[in-house]
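Enquirer: Here it is, the structure, as structure tokens.
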Amino acid sequence: GAGVALAARRRDRLDEEAAHIRAGGASCAVIEADAARAGEMERAVAEAEAALGELSLLVYVAGVSPLGRAERHARAKWDQALAVNLTGAFDASQAVGARWIERGTRGAIVLVGSILSLGASATHKTVGYSASKAGLANLGRQLAVEWAPHGIRVNSILPGYFATEMTIDPAHGDIAPDQRARMETFTPMGRVGAVEEIDTALLFLASPASSFVTGALVPVDGGWTAW
Numbered sequence: 006g007a008g009v010a011l012a013a014r015r016r017d018r019l020d021e022e023a024a025h026i027r028a029g030g031a032s033c034a035v036i037e038a039d040a041a042r043a044g045e046m047e048r049a050v051a052e053a054e055a056a057l058g059e060l061s062l063l064v065y066v067a068g069v070s071p072l073g074r075a076e077r078h079a080r081a082k083w084d085q086a087l088a089v090n091l092t093g094a095f096d097a098s099q100a101v102g103a104r105w106i107e108r109g110t111r112g113a114i115v116l117v118g119s120i121l122s123l124g125a126s127a128t129h130k131t132v133g134y135s136a137s138k139a140g141l142a143n144l145g146r147q148l149a150v151e152w153a154p155h156g157i158r159v160n161s162i163l164p165g166y167f168a169t170e171m172t173i174d175p176a177h178g179d180i181a182p183d184q185r186a187r188m189e190t191f192t193p194m195g196r197v198g199a200v201e202e203i204d205t206a207l208l209f210l211a212s213p214a215s216s217f218v219t220g221a222l223v224p225v226d227g228g229w230t231a232w
């Protein structure tokens with residue numbers, strides 16, 4: 006099986022996920038890194054290759070979603086959303102892309118965006134998040150075009166609403182009932198997604214099965230963006 010390097014800020018979560026991966030028989034490197042800080046993604050890639058050898062796949066899933074009405078949205082929240090959701094993705098992509106071009110590696114990058122990469126939210130005040138995810142979508146397409154001659158593929162997954170750490174209300178241990186009902190109303194399939202439904206799209210974009218796919222924006226949203 007493939008070796009996996011996990012990079013994130015929270016060591017406890019890294020160790021928890023690494024234990025699951027190792028239990029399945031794969032090797033796993035754990036790297037504490039903050040995507041919002043300059044130089045951290047370069048360091049993370051260097052440490053990953055020192056532990057596992059040359060990389061062939063990058064999945065960038067880091068994200069924050071600070072809320073607030075646009076007219077009162079603090080500049081610090083805006084900067085945080087852009088730093089984590091967009092600039093960190095560029096830093097990580099640049100770190101692997103430069104190595105792959107130098108080596109002639111035909112690697113793949115999968116950026117995890119959002120349905121808000123394609124449009125605004127009528128239900129949440131997410132100006133920084135929406136702007137950063139729209140930028141992420143076009144970052145992926147630009148990299149796809151620039152790096153296609155090198156055999157490097159860059160695609161984006163655009164999830165709809167899923168029960169994740171970003172959407173779960175700690176008081177309920179799940180998506181708050183009123184929010185779940187609202188999300189289900191806006192989703193043609195009438196439900197929120199299961200995390201495994203993102204995994205299958207990711208595996209396709211990471212595998213040779215998608216060898217002629219690059220620059221794609223792939224919604225996994227139960228039809229949300231098809232309205």
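Take 6 as the starting number for the sequence shown in the numbering used here and just add one per residue.
Think of the CB as a built atom: it goes at the ideal place given N, C-alpha and C, for glycine as much as any other residue.
It should be emphasised that the depicted structure is a prediction, and the values quoted were computed from it without experimental measurement.
1. Run through the DSSP bridge pairs and tell me what residue 161 is partnered with.
2. Considering only residues of the region 36-67, which uninterrupted beta strand (DSSP E) runs meet the minimum length of 3 residues and lie entirely inside it, listed in chain order?
3. Assign residue 69 to one of three DSSP states: helix, strand, or coil.
4. From the DSSP secondary-structure annotation, give me the bridge partner or partners of residue 9.
5. Could you give the residue range of the alpha helix (DSSP H) that holds residue 191?
6. Rounding to the nearest angstrom, what Cα-Cα distance links residue 213 and residue 75 in this structure?
7. Mind checking whether residue 88 and residue 47 have CB atoms under 8 Å apart?
8. Relative to the C-alpha of residue 120, which residue among 209, 136, 102 is closest?
9. Rounded to whole angstroms, what is the Cα-Cα separation between residue 103 and residue 155?
10. Tell me whether the beta-carbon of residue 132 lies closer than 8 Å to the beta-carbon of residue 166.
11. Label residue 77 either buried or exposed according to how many other C-beta atoms from any shown protein chain fall within 10 Å of its C-beta, with 16 as the threshold for buried.
12. Is the beta carbon of residue 223 less than 8 Å from the beta carbon of residue 210?
13. Roughly how many whole angstroms lie between the Cα atoms of residue 28 and residue 8?
14. How far does the alpha helix (DSSP H) with residue 135 in it extend, from its first residue to its last?
15. Can you give me the C-alpha to C-alpha distance between residue 146 and residue 125, rounded to a whole angstrom?
16. Below 6 Å CB to CB, which residues in the same chain sit around residue 195 once its five sequence neighbours on both sides are set aside?
17. Using CA coordinates, which residue listed in 81, 59, 30, 203 is at the minimum distance from residue 169?
18. Check whether the Cβ atoms of residue 91 and residue 141 sit closer than 8 Å, and answer yes or no.
19. Could you give the DSSP three-state label for residue 198: helix, strand or coil?
20. Can you have a look at residue 232 and say buried or exposed, based on whether 16 or more other CB atoms are within 10 angstroms of its CB?
21. Indicate the three-state DSSP secondary structure (helix, strand or coil) for residue 95 in the structure shown.
22. Quick check: the Cα distance between residue 31 and residue 23, rounded to an integer number of angstroms?
23. Would a C-beta distance cut-off of 8 Å place residue 19 and residue 10 closer than the cut-off?
24. Any idea which residues DSSP pairs residue 209 with across the strands?
Expert: From the atom records:
1. Beta-bridge pairing links residue 161 to 116, 222.
2. With a minimum length of 3 residues, the continuous beta strand (DSSP E) runs that stay inside the region 36-67 are 62-65.
3. In the three-state reduction of the DSSP assignment, residue 69 falls in the coil class, being assigned neither a helical nor a strand state.
4. For residue 9, the pairing in a beta bridge is given by DSSP as 33.
5. 182-191 is the extent of the alpha helix (DSSP H) around residue 191.
6. Looking at the backbone, the Cα of residue 213 and that of residue 75 are separated by about 42 Å.
7. 8 Å or more divides the Cβ of residue 88 from the Cβ of residue 47.
8. When 209, 136, 102 are compared, the shortest CA-CA separation from residue 120 is found for 136.
9. Looking at the two C-alpha atoms, the distance is approximately 11 Å.
10. Taking 8 Å as the Cβ cut-off, residue 132 and residue 166 do not qualify as a contacting pair.
11. The residue in question, residue 77, is exposed, as its Cβ has fewer than 16 Cβ neighbours within 10 Å.
12. Result yes, Cβ atoms of residue 223 and residue 210 sit closer than 8 Å.
13. Answer to the nearest angstrom: the Cα atoms are 13 Å apart.
14. Segment 132-152, the alpha helix (DSSP H) holding residue 135.
15. Approximately 20 Å, taken between the alpha carbons.
16. Setting aside the 5 residues that flank it on each side, residue 195 is surrounded in the same chain by 189, each with a C-beta closer than 6 Å to its C-beta; the list follows chain order.
17. When C-alpha distances from residue 169 are compared across 81, 59, 30, 203, the shortest belongs to 203.
18. Yes. Within cutoff.
19. DSSP places residue 198 in strand when its eight states are reduced to three.
20. Per the 10 Å Cβ criterion, exposed.
21. Here residue 95 sits in helix by DSSP.
22. Cα-Cα distance, rounded: 9 Å.
23. No, the Cβ-Cβ distance between residue 19 and residue 10 is not below 8 Å.
24. As computed with DSSP, residue 209 is found in no beta bridge at all.
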